[in-house]
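Everything in the sequence shown is counted per this note's numbering, starting at 2 for the first residue and increasing by one.
Below is one structure, written out as structure tokens, with a few remarks after it.
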Amino acid sequence: MPPKRSKPRHRVSEVSRAPKGPPKRRLLPTHKLKPTVSKPRIQYFWRETDPVTGYLSQWYPCAFSDDKDPSIIYQTAEHYMMYQKAVLFSDPAAGAEILAAPHPRQVKALGRQINGFSDAVWHARREEIVRRGNLLKFTRPVDVEDGWWKVRVGDEGNDGGDGEGGNEKVSIRELLLRTGDREIVEASPRDRIWGIGFGAARAGSMRKRWGLNLLGKALMAVREELRKEAKGQDGTEKGEKYGEPKKE
């Protein structure tokens, strides 16, 4: 007998093999969509010895004066802060010691020994005092040609934070303006009042636990005032208000 032929298996048509197209994506309700948030641009600083951001520190060596009493020379913004603290609590002896102290570390220690100190009174005035001290630091140098006032940009990567490097000398006032709209943050791991209580390496991940950053806020307020002055919004020519020579 001839062998039986096996029945042909069912062949899948080419049509049935064809892909059905990409799967449909399910759209989430708009209220469940997470908005895209850009990371804030931050200028961290701490120690006065840092070649890039040291000029932002209260301890940065700089000689400046106050037009209210030009006879007094403040060697650092820390000297100004603690001297004004002594004035606030009517302790002239402490004020004299503060002005004579050669290093801001000594100044800070003397500031803790002022007679008649009151937390409530100091807390009400401290931000105003530090803000003015930094405005003077960036605008009223004793000697414009002094080394602290003109910082060499480019050699140490110091461009104020916006990449405008180059082998040039610019004022610390210009460096502050070059930080643009960056949030200025004192990344001091030891200070939760004037700083944030964390170093720069940990600051980003610990943002919700930051301290007050009062010094950073004071510097941003000074920067805004300098920016307005540079645009002539107070009616003066650029540089005239702070004793810089006019350009003929």
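Quick reminder that beta carbons are idealized off the backbone N, C-alpha and C, glycines included.
The structure displayed is predicted, hence computed values, not measured ones.
* **Rounded C-alpha distance that separates residue 59 from residue 210** => Locating residue 59 in the sequence shown gives position 58, counting from the first residue. Locating residue 210 in the sequence shown gives position 209, counting from the first residue. So the two alpha carbons sit approximately 23 angstroms from each other.
* To do: Compute the Euclidean distance between the alpha carbons of residue 105 and residue 121, then round it to the nearest angstrom.
  => Reading the sequence shown from its first residue, position 104 is the one you call residue 105. Reading the sequence shown from its first residue, position 120 is the one you call residue 121. Cα to Cα, the separation comes out at about 24 angstroms.
* Asked: Hey, quick one: how far does the alpha helix (DSSP H) through residue 120 stretch, first residue to last?
  -> Within the sequence shown, residue 120 is the residue found at index 119, counting from 1. That run of the alpha helix (DSSP H) goes 120-140.
* What number of angstroms, rounded off, separates the C-alpha of residue 84 from the C-alpha of residue 180? -> The residue you call residue 84 lines up with position 83 of the sequence shown. The residue you call residue 180 lines up with position 179 of the sequence shown. Residue 84 and residue 180: Cα-Cα distance of roughly 29 angstroms.
* When the Cα of residue 64 is compared with those of 117, 125, 48 and 136, which residue comes out closest? -> Numbered from its first residue, the sequence shown carries residue 64 at position 63. Of the listed residues, the one whose Cα sits closest to residue 64 is 136.
* Asked: Does the region 50-58 come within contact of the region 82-99, defined as at least 3 CB pairs closer than 8 angstroms?
  -> no
* Closer than 6 angstroms by C-beta to residue 112: which residues in its own chain qualify, once you throw out the five before and the five after it? Chain order, please. => Here residue 112 refers to the residue found at position 111 when the sequence shown is read from its first residue. The residues are 83 and 86.
* Asked: Going by alpha carbons, who is nearest to residue 227 out of 133, 214, 170 and 213?
  -> Position 226 of the sequence shown holds residue 227. Residue 227 has its Cα closest to that of 133, out of 133, 214, 170 and 213.
* Asked: Of all the options 89, 99 and 142, which has the alpha carbon lying nearest to the alpha carbon of residue 117?
  -> For the purposes of this step, residue 117 is identified with residue 116 of the sequence shown, where counting begins at 1. The residue with the shortest Cα to Cα distance from residue 117 is 89.
* Pairwise C-alpha distance: residue 170 and residue 218 -> Here residue 218 refers to the residue found at position 217 when the sequence shown is read from its first residue. Here residue 170 refers to the residue found at position 169 when the sequence shown is read from its first residue. Distance between the alpha carbons of residue 218 and residue 170 is about 26 angstroms.
* Which value, in whole angstroms, describes the spacing of the CA atoms of residue 77 and residue 141? -> On the sequence shown, residue 77 is found 76 positions in, with the first residue counted as 1. On the sequence shown, residue 141 is found 140 positions in, with the first residue counted as 1. C-alpha separation (whole angstroms): 12 angstroms.
* Just mark residue 114 as buried or exposed, buried being the case when its beta carbon has 16 or more other beta carbons within 10 Å. => For this step, residue 114 is matched to residue 113 along the sequence shown. Label assigned to residue 114: exposed.
* **Three-state secondary structure (DSSP) of residue 156** => Taking the first residue of the sequence shown as position 1, residue 156 is located at position 155. Legend: pLDDT at residue 156 = 45, less than 50; position of this residue unreliable, value from coordinates given subsequently. Three-state DSSP puts residue 156 in coil, outside helix and strand.
* Note down the Cα distance separating residue 138 from residue 103, rounded to an integer number of angstroms. => The sequence position of residue 138 within the sequence shown is 137, counting from 1. The sequence position of residue 103 within the sequence shown is 102, counting from 1. Cα-Cα distance, rounded: 17 angstroms.
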